[in-house]
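Asks: Quick one: the structure is below, questions incoming.
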């Protein structure tokens with residue numbers, strides 16, 4: 014009797030151990046395969062976003078960071094890059110649409126400049142080819158810095174004499190380095206260092222513990238729901254253009270006050286009507302409000318709207334929460350350097 | 014012959030050594046007496062500007078610094094303390110007059126918040142009793158944050174749930190700590206740490222080498238011209254009120270577009286017409302443009318105008334330059350903590 018009990022206990026124990034082993038192996042294999050699967054869609058962030066046309070140097074980034082903060086260059090003394098890209102709000106401004114000089118409303122929501130240099134283009138409709146192009150055109154953008162010309166920009170930069178040696182160091186050998194082109198190069202070089210690695214990157218590099226169970230479930234949902242179809246790569250988006258509202262007009266579900274023709278305004282081609290650059294989802298948790306017009310403030314709501322508009326999928330609250338959990342794992346570390354504001358030279 | 018030559022050489026040497034000693038002693042005595050004289054007018058900056066009503070704690074300053082940067086509390090999402098007090102522009106905004114929510118023009122130039130807590134009052138006409146009072150009233154100031162009420166401010170603060178634990182830690186034991194009063198206390202506690210010691214403080218503490226010869230000449234001129242009569246104390250001003258334009262109407266020399274009645278607007282007493290708080294001159298080099306209406310951008314020009322308006326003295330270019338050299342020795346070190354921007358909690 015006792016022996017039979019002991020045998021039965023031993024068998025129960027063996028079965029239990031076996032079950033644990035099978036479950037553990039399955040989980041590991043599943044994690045392994047989720048990682049494999051994720052790696053076919055995403056890559057970790059680079060350390061900096063290099064460009065052969067504008068090499069990153071310490072002299073350039075030091076100057077670029079200062080210029081990023083200098084309102085005195087703008088037409089009314091209120092606009093700097095920082096005005097719409099508060100680095101401590103993850104380089105956005107918390108507004109539906111950005112506000113420029115003389116309180117002029119910009120056509121669209123200010124996208125973050127963190128990790129931005131890696132995208133196919135800049136701005137929601139891709140009408141800026143690079144961060145260099147964006148920084149330069151901002152100087153004469155009517156709802157941005159509002160300057161009359163690049164010459165005017167150069168004059169304003171030259172009027173703060175403390176900048177001259179910094180431009181000379183950043184652009185050695187140039188005769189008149191204090192100009193709009195170099196303003197743009199310096200600002201953009203600094204932006205190319207604003208990369209925010211996150212838990213998700215650790216996961217992609219093989220540390221499967223970096224994402225919680227819920228985070229991994231969310232990642233699976235992100236891939237299986239179809240989000241990753243557009244939001245892939247190192248930036249979880251920012252690589253392609255797509256029509257906003259594939260299944261139905263976007264304004265059916267967003268709280269948009271007007272309808273934006275999107276990239277049609279750039280190309281004048283019918284196929285680009287309502288087409289926008291697919292935004293990066295890096296730091297999306299921190300960059301409310303959402304969409305090109307900032308019409309939706311809540312992340313969960315934005316996720317639900319996207320699933321309906323683009324995939325025709327109605328997400329329940331659980332799956333939405335799961336996707337949001339994954340999206341939060343994209344919130345990265347802001348480089349220390351970006352969180353130190355640079356003291357600016359005084360006006361003469 | 015040789016002996017006589019040697020004697021003559023020895024005498025020449027003795028005379029030379031004697032002269033050097035006399036000169037050195039005179040210089041040292043003069044330096045000593047300039048230091049003595051300066052100490053009757055000025056005192057070095059304190060480390061922080063403490064207040065029994067609002068003790069400085071790390072929890073309070075951490076929260077206060079975050080709130081200082083948060084635009085999302087304001088009526089249109091564009092105003093924070095930082096908007097008019099860019100810490101990297103020495104806590105001013107470079108504008109003649111500050112611009113608030115919905116691009117509303119403020120009545121006067123934004124004064125720096127560095128060292129500000131030590132002044133007799135806040136704002137140009139002393140209509141804010143303390144930095145706490147200033148921070149609180151800014152929330153409902155029509156050209157500032159523009160909120161309808163302190164309750165509205167509390168609701169906006171409560172809507173960013175990440176603030177709740179920070180308020181609880183900063184104000185332990187309070188039942189509903191997320192409110193406008195505590196917003197003001199936290200911001201002001203942080204501002205009370207924004208003290209910028211300069212070379213001039215080292216000099217006042219006895220290091221006579223801390224000011225160059227030109228700086229000491231400038232300091233002497235500052236005292237002897239009469240500037241120090243009003244601009245004294247730890248903050249080189251900020252202690253008393255005085256009529257702007259004692260010798261002639263100020264608008265004769267400034268480029269003021271309109272005439273400001275000054276403190277008369279607060280007290281309604283005739284004696285306060287054109288009376289303003291004497292501004293601190295700490296960091297004056299870095300806080301152009303000058304005067305209550307920011308009507309004069311050049312420091313040297315502002316110095317000349319002040320001498321004429323207040324003292325009836327016409328300064329020549331040399332004496333002006335000398336005064337400016339001294340004033341530049343008041344440019345202080347911004348605390349490291351102030352130059353690190355705080356990451357803000359996301360909107361829910």
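Protein chains in written order, with this note's numbering: chain A, 14 to 361; chain B, 14 to 361.
Backbone N, C-alpha and C fix where the C-beta goes; we use that ideal spot for every residue, glycine too.
1) Please work out which residues of its chain come closer than 6 Å, Cβ to Cβ, to residue 301 of chain B, disregarding the five sequence neighbours upstream and downstream, and give them in chain order.
2) Over the uninterrupted beta strand (DSSP E) stretch that includes residue 317 of chain B, give me the two end residues.
3) Identify which residue in A:222, A:245, A:81, A:114 has its Cα closest to the Cα of residue 292 of chain A.
4) Is it buried or exposed for residue 262 of chain A, if we count other Cβ within 10 angstroms and need 16 for buried?
5) Nearer than 8 Å: is that true of the beta carbon of residue 304 of chain A relative to any heavy atom of the ligand ADP?
6) Could you give the first and the last residue of the continuous beta strand (DSSP E) run that contains residue 216 of chain A?
7) If contact means a Cβ-Cβ distance below 8 Å, which residues of the region 176–191 of chain A contact chain B?
8) Enumerate, from N- to C-terminal direction, the unbroken alpha helix (DSSP H) stretches of 4 or more residues contained entirely within the region 49–124 of chain A.
9) Below 8 Å, how does it come out for the region 282–298 of chain A and the region 131–138 of chain A: are there three or more Cβ pairs, yes or no?
10) Based on DSSP bridge pairs, tell me the residues matched to residue 135 of chain B.
11) What runs of the beta strand (DSSP E), each 3 residues or longer, lie entirely inside the region 215–292 of chain A?
12) When you compare each of A:281, A:167, A:208 to residue 343 of chain A by their alpha carbons, which one comes out closest?
13) Decide if residue 109 of chain A is buried, meaning its Cβ has at least 16 other Cβ atoms within 10 Å, or exposed.
14) If you follow the alpha helix (DSSP H) that residue 4 of chain A is in, where does it begin and where does it stop?
15) Using a Cβ-Cβ cutoff of less than 6 Å, which residues in the same chain neighbour residue 2 of chain B once the five nearest sequence positions on both sides are dropped?
16) Give the interface partners of residue 228 of chain B over in chain A, defined as CB-CB distance under 7 Å, in chain order.
17) On the three-state DSSP scale, how would you describe residue 353 of chain B?
18) Do the region 138–154 of chain B and the region 209–224 of chain B touch if we need at least three Cβ pairs shorter than 8 Å?
19) Assign residue 14 of chain A to one of two classes, buried (16 or more other C-beta atoms within 10 Å of its C-beta) or exposed (fewer than that).
20) Rounded to the nearest angstrom, how far is the Cβ of residue 82 of chain B from that of residue 352 of chain B, given a contact under 8 Å?
21) Grab me the residues of residue 70 of chain B's own chain with a C-beta within less than 8 Å of its C-beta, minus the 5 sequence neighbours each way, in chain order.
22) Starting from residue 178 of chain B, trace the alpha helix (DSSP H) in both directions and tell me its first and last residue.
23) Please report the straight-line C-alpha distance between residue 215 of chain B and residue 57 of chain B, rounded to a whole angstrom.
24) With 9 Å as the threshold, decide whether the Cβ of residue 112 of chain B is near any Cβ in chain A.
25) Can you tell me which of the three DSSP states residue 303 of chain A falls into?
26) List the DSSP bridge partners of residue 309 of chain A.
27) Identify which residue in B:121, B:296, B:126 has its Cα closest to the Cα of residue 270 of chain B.
28) Within 10 Å of its beta-carbon, does residue 281 of chain A have 16 or more other beta-carbons around it, so buried, or fewer, so exposed?
29) Going by C-alpha to C-alpha distance, which of A:306, A:297, A:283, A:88 sits closest to residue 163 of chain A?
30) Does the distance from the CB of residue 349 of chain A to the CB of residue 78 of chain A come in under 9 Å?
31) Cβ closer than 8 Å: which chain B residues qualify as neighbours of residue 107 of chain A?
32) Can you list, in chain order, the residues of the region 307–329 of chain B whose Cβ is nearer than 7 Å to any Cβ on chain A?
33) Under 9 Å, do residue 341 of chain B and residue 328 of chain B count as touching if we go by C-beta distance?
34) Closest by CA to residue 118 of chain B, which one among B:283, B:284, B:156, B:61?
35) With 16 as the cutoff for other CB atoms within 10 Å, does residue 175 of chain B come out buried or exposed?
36) For residue 345 of chain A, write down the residues that DSSP places opposite it in a beta bridge.
Replies: In this structure, then:
1) 310
2) Element bounds for residue 317 of chain B: not the beta strand (DSSP E) but the alpha helix (DSSP H), 312–324.
3) A:245
4) exposed
5) In terms of ligand content, the structure shown is empty, and the ligand ADP therefore cannot be addressed.
6) Residue 216 of chain A -> not in any beta strand (DSSP E); alpha helix (DSSP H) instead, spanning 212–217.
7) none
8) 71–82, 94–97
9) yes
10) B:141
11) 254–256, 288–290
12) A:208
13) buried
14) It is not possible to answer for residue 4 of chain A, since the shown part of chain A is limited to 14 through 361.
15) Examination of residue 2 of chain B is not possible in this model, given that chain B is present from 14 through 361 alone.
16) Result: empty, since nearest Cβ-Cβ is about 17 Å, beyond 7 Å.
17) strand
18) no
19) The pLDDT assigned to residue 14 of chain A is 49, lower than 50, so where the model puts this residue is not dependable, and the model offers no usable value.
20) Not a contact, Cβ separation roughly 13 Å.
21) 183, 202
22) 176–183
23) 8 Å
24) yes
25) strand
26) A:303
27) B:121
28) exposed
29) A:88
30) no
31) 84, 85, 90, 360
32) 310
33) no
34) B:156
35) exposed
36) A:211
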